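Written below as structure tokens is the structure these notes are about.
There are 2 protein chains.
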Amino acid sequence: IEKDKLTWPTLAELMIPSEKVAHVQIGNPLEHALLVLVKSGYSAVPVLDPTYKFQGVISKTKILEETLGIEEFELNRLSEIQVNEIMDADVPCLQPGNHMIDALHKLIDYPFVCVTNEDGEFDGIITRRSILKQYSKHYHE
Amino acid sequence: IEKDKLTWPTLAELMIPSEKVAHVQIGNPLEHALLVLVKSGYSAVPVLDPTYKFQGVISKTKILEETLGIEEFELNRLSEIQVNEIMDADVPCLQPGNHMIDALHKLIDYPFVCVTNEDGEFDGIITRRSILKQYSKHYHE
Ligand SMILES: Nc1ncnc2c1ncn2[C@@H]1O[C@@H]2COP(=O)(O)O[C@H]3[C@@H](O)[C@H](n4cnc5c(N)ncnc54)O[C@@H]3COP(=O)(O)O[C@H]2[C@H]1O
Ligand SMILES: Nc1ncnc2c1ncn2[C@@H]1O[C@@H]2COP(=O)(O)O[C@H]3[C@@H](O)[C@H](n4cnc5c(N)ncnc54)O[C@@H]3COP(=O)(O)O[C@H]2[C@H]1O
């Protein structure tokens with residue numbers, strides 16, 4: 001296994017850095033979160049707090065579940081609910097000392113996982129696509 | 001590589017069979033597609049035609065893009081547009097003779113790919129989760 005580890009990239013090489021990750025703030029109304037999700041085209045994005053710590057994930061699925069109960073999907077109702085009321089808070093995070101195999105295990109059940117630094121601040125995300133791309137390269141070596 | 005192939009599962013073993021896959025019909029109105037997506041919890045599901053051939057994929061992202069242009073997300077507008085008008089028609093499919101490595105290549109850019117039989121009829125889907133689970137097993141062997 002050790003030889004194998006030598007050829008795998010580090011988490012930093014796999015990671016999409018925070019400045020390239022669409023995200024919302026924990027106190028934002030759902031209306032704002034929905035606009036960020038629709039404009040970015042992503043199904044789900046990270047939720048950060050004002051000190052740039054990762055708090056969870058907000059998705060189109062969660063927002064649709066919340067408001068489809070009523071006859072019309074009134075956008076004004078989305079302005080009354082905040083992101084922290086319906087976000088998923090159990091998305092796993094990786095720390096600086098973790099390896100690609102740790103990312104692989106967590107990505108089995110999550111489309112992306114977050115990466116934080118020693119102080120717990122948000123550094124970026126690792127996506128299933130980035131891991132699958134590595135495997136497809138590795139297979140041909 | 002040959003020895004490697006022996007330990008990998010066949011596509012049939014990896015596949016979620018069609019009876020377990022939530023799907024919609026090409027002629028359905030978007031209102032129905034949105035209800036299937038919200039009830040199943042999935043971001044996107046396959047679109048089939050009346051002869052059970054795979055035609056594309058419909059997603060919450062596409063439906064939201066389509067209707068968010070107006071002030072309120074009126075559900076009645078969703079009943080006027082049909083699935084075939086906005087679905088993604090370029091999702092790749094695997095045929096019976098393909099291997100897991102073919103699935104890996106296609107899953108780099110798609111969360112799931114479809115599997116068809118010799119007559120082109122829909123057999124099921126292979127998801128990124130199923131491939132990642134195999135890799136995590138393989139790594140520990
Ligand atoms: N603008 C685009 N250009 C090219 N391909 C695109 C794309 N948007 C989506 N895709 C493709 O569709 C997959 C699923 O995207 P989804 O938005 O559902 O799910 C995404 C999204 O929720 C999140 N994500 C990815 N990149 C992000 C970013 N820069 N900022 C925030 N969230 C991101 O991670 C999930 C998994 O991403 P992953 O790349 O593995 O997988 C992506 C990618 O293969
Ligand atoms: N009810 C549930 N129970 C447990 N885990 C769940 C779940 N719903 C979603 N997940 C998890 O979230 C991932 C993304 O789901 P999503 O709905 O965006 O994206 C899904 C969905 O669009 C589609 N899909 C998966 N299973 C399906 C099914 N039985 N019928 C129709 N579409 C399916 O394939 C995509 C990738 O699926 P994958 O399993 O790789 O990845 C899934 C899975 O890891």
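Protein chains in written order, with the working numbering: chain H, 1 to 141; chain Y, 1 to 141. Where is the CB? At the ideal position from N, CA and C, for every residue including glycine. Just so it is clear, the structure is predicted and the values come from calculations on it, not from any experiment.
Distance from the C-beta of H:Ala33 to the nearest heavy atom of ligand 1 is not below 7 Å. Using a Cβ distance threshold of 8 Å, Y:Pro9 and Y:Gln134 count as a contacting pair. Straight across, the Cα-Cα distance linking Y:Ser130 with Y:Leu11 is about 10 Å. Between H:Met87 and H:Val57, the alpha-carbon positions lie close to 6 Å from each other. Under the DSSP assignment, H:Thr127 falls in the beta strand (DSSP E) whose first and last residues are Phe122 to Thr127.
Across the set H:Asp90, H:Ala89 and H:Ile125, the C-alpha of H:Ile125 shows the shortest separation from the C-alpha of H:Leu104. Checking the DSSP bridge columns, you'll see H:Lys53 partnered with H:Glu121. Among the CB atoms of chain Y, one or more fall inside 8 Å of the CB of H:Ile108.
Residues of chain Y with a Cβ closer than 9 Å to the Cβ of H:Thr61 are, in chain order, Leu37, Val38, Gly41, Tyr42, Ser43 and Lys60.
In the DSSP secondary-structure assignment, Y:Pro29 is bridged to Y:Gln82. By the Cβ criterion, the segment 31 to 42 of chain H is not in contact with the segment 94 to 109 of chain H, since fewer than three pairs of Cβ atoms, one from each stretch, lie closer than 8 Å. For Y:Ile86, the shortest C-beta to heavy atom distance toward ligand 2 is 7 Å or greater.
Ranked by how close their Cα comes to the Cα of Y:Thr116, the residues Y:Val91, Y:Ser136 and Y:Pro29 have Y:Val91 in first place. In this structure, the straight-line span from the alpha carbon of Y:Phe54 to that of Y:Glu85 is close to 15 Å.
Ranked by Cα distance from Y:Met15, the options Y:Lys137, Y:Pro96, Y:Glu80 and Y:Ala44 are led by Y:Pro96. Closest in alpha carbon position to H:Val83, among H:His138, H:Glu19 and H:Val24, is H:Val24. Interface with chain H (8 Å Cβ-Cβ cutoff): Y:His99 is excluded. Residue-level contact by beta carbon fails for Y:Leu30 and chain H, as no gap is shorter than 8 Å. Not one heavy atom of ligand 2 falls within 7 Å of the beta-carbon of H:Thr127.
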